[in-house]
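S.K.: What the sequence shown shows, in this note's numbering, is residues 20 to 292, in sequence order.
No residue lacks a Cβ here, since even glycine has one placed at the ideal position from N, Cα and C.
Following this message is one structure expressed as structure tokens.
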Amino acid sequence: MTAQIFRIAHVSRGAAMDSSQLALPCEITREWAWGSSKGSGVRVCLIDSGVDATHPGLGGPVTPLTVAGEPGDDGVERLRVVPDTEVDQVGHGTACAGVIRAVAPDCDLTSVRVLGSGLRGSGEVLLTALSWAIDQGFDLVNLSLSTRRTEYKEALHDLVDHACFAGVTIVASAHNRPVRSYPWNFAGVVSVGSHNKLDGEYLEANPEPPVEFFARGVAVEVPQPGGGRSRLSGNSFATPHITGMCARILGHHPGLSTGQLKYVLAAIADNRI
């Protein structure tokens, strides 16, 4: 399981989306979609490399958790989600958290650390974190990572289905390279690639999935551990833009399903004709 930052393959080609593909019962505008909502009351889980929760660029408190092995009552060690005492060592999670809060500053944000040095982690840890987030009933889960290991494909697919039926929307990064990885290419997630526009709210719907939406992912200014900031590129940083938009929509229209969120995002996309 890895999170990629550079060599973006799934990037917008600027294709227009035919509005006739959307049957709109009324005009869905951004005012309709989120009005003045900043994501208040919306619970977001960021599964990533952890956070520097003290960074002012996160714009508020973040609950830091991680996945660790703990012995059960029978003495057998099992993976569990527990409080995290370590600060983000690689900056990826802190960056994504900063983007989510920049778009939806009032959302309730929880971090679950699953990535370590080299932005790598195990599939079992990812499955544990994702299963926990679904069971906890988070409104949104941001996955700016994926795995190429096919042995986890079926379990991830089952969790994506479980999330959809449970009312939990997973927003997942497409891989930066043209390779097969999971879970971004499952139909049950909101899949995200990058465009190079400077506007963090500029949104494109892709008329040729499996990548469904493009958001800003090139030279994005993000917070980094220790109080600094940097500019990073990759689908990893486009994804939290979409997560933040979804948080604002849910703040205005609580209870929308994954499919309904996709519909609203497509209806307000800037590349509609």
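Under a three-way DSSP split, which group does L275 fall into?
M.R.: As a working note, residue 275 is residue 256 in the sequence shown. Coil at L275, not helix or strand.
S.K.: Grouping DSSP H, G and I as helix and E and B as strand, with all else coil, what is H214?
M.R.: Translated into positions along the sequence shown, residue 214 becomes position 195. Residue state, collapsed to three classes: strand.
S.K.: Under DSSP, the beta strand (DSSP E) around A123 begins and ends at which residues?
M.R.: By 1-based counting over the sequence shown, the position of residue 123 is 104. Neither: A123 is in no beta strand (DSSP E) and is coded neither H nor E.
S.K.: With distances taken Cα to Cα, identify the nearest neighbour of F171 among G245, E143, F232.
M.R.: The count along the sequence shown starts at 1 and reaches residue 171 at position 152. According to the sequence as given, residue 171 is Tyr; it is not Phe. Checked all of G245, E143, F232; the closest Cα to Y171 is E143.
S.K.: Out of curiosity, what's the CA-to-CA distance linking N225 and N215?
M.R.: Residue 225 sits at position 206 when you count from the first residue of the sequence shown. Residue 215 sits at position 196 when you count from the first residue of the sequence shown. N225 and N215: Cα-Cα distance of roughly 15 Å.
S.K.: Leaving out five residues on either side along the sequence, give the residues of the same chain with a beta carbon under 8 Å from the beta carbon of A35.
M.R.: Residue mapping note: residue 35 aligns to position 16 of the sequence shown, counting from 1. These residues qualify, in order along the chain: P226, N290, R291, I292.
S.K.: With respect to the beta strand (DSSP E) encompassing F157, which residues constitute its N-terminal and C-terminal limits?
M.R.: By 1-based counting over the sequence shown, the position of residue 157 is 138. F157 -> no beta strand (DSSP E), and no H or E assigned at all.
S.K.: Please go through the region 127–208 and give each complete beta strand (DSSP E) segment of 3 or more residues, from N-terminal end onward.
M.R.: Within the region 127–208, the complete beta strand (DSSP E) runs of at least 3 residues are 127–132, 159–162, 188–192.
S.K.: List the residues that DSSP assigns as beta-bridge partners of Q243.
M.R.: Position 224 of the sequence shown, counting from 1, holds the residue named residue 243. Paired residue(s): G247.
S.K.: How big is the Cα-Cα spacing for S150 and L178?
M.R.: Here residue 150 is taken as the residue at index 131 of the sequence shown, counted from 1. Here residue 178 is taken as the residue at index 159 of the sequence shown, counted from 1. The alpha-carbon atoms of S150 and L178 are separated by roughly 7 Å.
S.K.: If the criterion is Cβ atoms closer than 8 Å, does the pair S249 and V241 meet it?
M.R.: Translated into positions along the sequence shown, residue 249 becomes position 230. Translated into positions along the sequence shown, residue 241 becomes position 222. Cβ atoms of S249 and V241: closer than 8 Å.
S.K.: Across the region 90–104 and the region 49–61, are there enough close Cβ pairs to call them in contact, namely three or more that are closer than 8 Å?
M.R.: Touching, no, given that fewer than three Cβ pairs across the two stretches are closer than 8 Å.
S.K.: Name the DSSP bridge partner or partners of P83?
M.R.: Locating residue 83 in the sequence shown gives position 64, counting from the first residue. P83 is bridged to S130.
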